Amino acid sequence: MINILILNVSLFDGMAPSKRVFNLLEPLVDPKLIEIYNLIYSVDSKFKHGESGMINNINFFNIKFKFVNLFSFFYLGFKYLHTVNRFKNSNRILYNYGYLDLKNILFVLYARILGFKIVIDIVEDNKYHTWHNGILGYFRIKSSLLFVKLIPFITHAIIVISSQLEKKFSYLKQNKKICIIPITVSMEKFPKNVIINDFKHKINLFYGGSFGEKDGVTYLLQAFEILADEFPKLNLILTGKPHNKEANDWLNSVLKKSKNSDRIFYYGMLSIDTYYSILNSCDIFCMTRNNSQFANSGFPFKLGEYLATGKGVVASNVGDVSSYLTNNFDSILVQPESIPEIVNAISFLISNPEKIKILGENARNTAINNFSSIKLSKKFYNFLNELI
1 MINILILNVS LFDGMAPSKR VFNLLEPLVD PKLIEIYNLI YSVDSKFKHG ESGMINNINF
61 FNIKFKFVNL FSFFYLGFKY LHTVNRFKNS NRILYNYGYL DLKNILFVLY ARILGFKIVI
121 DIVEDNKYHT WHNGILGYFR IKSSLLFVKL IPFITHAIIV ISSQLEKKFS YLKQNKKICI
181 IPITVSMEKF PKNVIINDFK HKINLFYGGS FGEKDGVTYL LQAFEILADE FPKLNLILTG
241 KPHNKEANDW LNSVLKKSKN SDRIFYYGML SIDTYYSILN SCDIFCMTRN NSQFANSGFP
301 FKLGEYLATG KGVVASNVGD VSSYLTNNFD SILVQPESIP EIVNAISFLI SNPEKIKILG
361 ENARNTAINN FSSIKLSKKF YNFLNELI
């Protein structure tokens with residue numbers, strides 16, 4: 001058995017980072033191929049689950065980060081590392097979500113000293129990061145750009161989410177193992193028998209996730225204002241959470257000023273079960289990322305879930321999207337930042353519900369073939385076995 005300590009992300013939040021890692025590891029728990037330990041920074045956790053315990057056969061421990069109490073933060077973190085380290089005769093992996101930064105570097109270094117194999121999972125190019133969640137977020141991003149030079153000396157392997165990130169770290173290939181693992185989808189969350197709406201009563205357009213600049217939600221909102229005039233039964237469903245106060249203020253302002261505010265339903269953060277219930281009840285799903293270098297370097301987690309619904313998907317053609325999706329086969333691909341193309345794509349799907357059925361069947365197959373958590377967890381497990 002492999003003991004894996006997860007650092008820098010909570011596995012229980014329901015946001016993209018949490019789902020990516022949880023979906024990747026969860027299929028390996030029941031067969032007892034791995035045991036998971038999750039060291040959670042309380043400040044990063046969207047939902048509270050107590051100080052420590054076990055959820056879904058995953059051990060977890062929360063530590064609070066405060067500038068006035070740094071000693072306690074690191075002491076408790078080091079102590080939990082020792083808890084996992086008691087399995088000295090087993091294979092121990094520290095899986096760090098994201099870059100090395102001020103908040104995790106000491107834990108990673110200490111784990112390395114204790115004999116853990118260090119794996120980092122890179123899903124963004126922080127070189128192009130344009131926003132920071134407070135002063136702490138600012139220093140975390142800046143430190144990650146500095147500590148990237150330490151990756152060859154500290155880590156044993158790297159996971160990346162896109163071909164662009166693989167290219168960025170290709171200089172490490174001679175000495176480090178690098179593996180592309182795109183977005184992960186738990187297909188069990190999506191019914192096999194999909195019911196396609198005939199749009200006689202209402203049409204639900206959906207976006208769920210963060211509301212950062214890269215997400216391009218502004219283009220979707222502007223497109224909705226145009227479409228709402230043409231399709232009076234059209235509603236826009238939004239879930240998720242802005243990453244900082246500025247984004248939150250922007251979203252609230254836009255929603256308040258909208259002439260169709262009574263047809264925009266913003267639910268914020270939801271429990272996992274409620275989220276999937278709402279997701280599966282909607283009809284058309286939109287991923288409208290902008291054309292920034294930051295957006296092109298990653299891969300939108302939400303897109304995999306949209307495909308898995310087996311319904312209509314409209315997606316910006318950024319990054320690796322066209323490497324997995326085919327326009328007019330499993331989705332409608334649009335140029336990033338093009339409001340007219342978003343409008344035309346959604347209008348086409350509303351006017352041709354029979355097309356949604358065809359696209360949706362292909363979309364679900366695309367999700368199964370490329371993003372299934374069961375398939376990707378096997379790839380990940382084989383990758384770990386090569387490492388140890």
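All the letters of the sequence shown, read from the start, carry residue numbers 1 to 388 under full-length UniProt numbering. No residue lacks a Cβ here, since even glycine has one placed at the ideal position from N, Cα and C. The structure displayed is predicted, hence computed values, not measured ones.
Under a Cβ-count criterion, where at least 16 other Cβ atoms within 10 Å of its own Cβ denotes burial, should residue i be classed as buried or exposed?
i           : result
residue 309 : buried
residue 71  : exposed
residue 153 : exposed
residue 340 : exposed
residue 32  : exposed
residue 54  : exposed
residue 24  : buried
residue 27  : buried
residue 124 : buried
residue 320 : buried
residue 297 : buried
Since residue i sits in a beta bridge, which residues does DSSP pair it with?
i           : result
residue 35  : 3
residue 316 : 334
residue 121 : 97 and 159
residue 286 : 314
residue 206 : 237 and 285
residue 177 : 157
Report yes if the C-beta distance between residue i and residue j is below 9 Å; otherwise report no.
i           : j           : result
residue 128 : residue 293 : yes
residue 196 : residue 117 : no
residue 266 : residue 239 : yes
residue 425 : residue 144 : Here the chain has residues from 1 to 388 only, and residue 425 is not among them.
residue 74  : residue 107 : yes
residue 36  : residue 59  : yes
residue 119 : residue 151 : no
residue 4   : residue 97  : no
residue 333 : residue 351 : no
So, at 7 Å on beta carbons, what are the nonlocal neighbours of residue i in its own chain, with the 5 sequence-adjacent residues on each side left out?
i           : result
residue 290 : 213, 214, 216, 336 and 337
residue 126 : 99, 141, 144 and 145
residue 102 : 139, 140 and 143
residue 368 : 187
residue 381 : 28 and 33
residue 371 : 182, 183, 184, 185 and 304
For residue i, which residues from the same chain have a beta carbon less than 6 Å from its beta carbon, with the 5 sequence-adjacent residues on both sides left out?
i           : result
residue 16  : 301
residue 233 : 202 and 203
residue 236 : 205, 224 and 264
Going along the chain, which residues of its own chain have a beta-carbon closer than 8 Å to the beta-carbon of residue i, five neighbours each way excluded?
i           : result
residue 244 : 131, 132, 133, 134 and 137
At least 3 beta-carbon pairs within less than 8 Å: the stretch 134 to 154 vs the stretch 272 to 286: no
Three or more C-beta pairs below 8 Å linking the stretch 247 to 260 and the stretch 348 to 365: no
Any 3 or more C-beta pairs closer than 8 Å across the stretch 198 to 206 and the stretch 50 to 67: no
Inter-stretch contact (C-beta, 8 Å, three-pair minimum) for the stretch 368 to 379 and the stretch 179 to 186: yes
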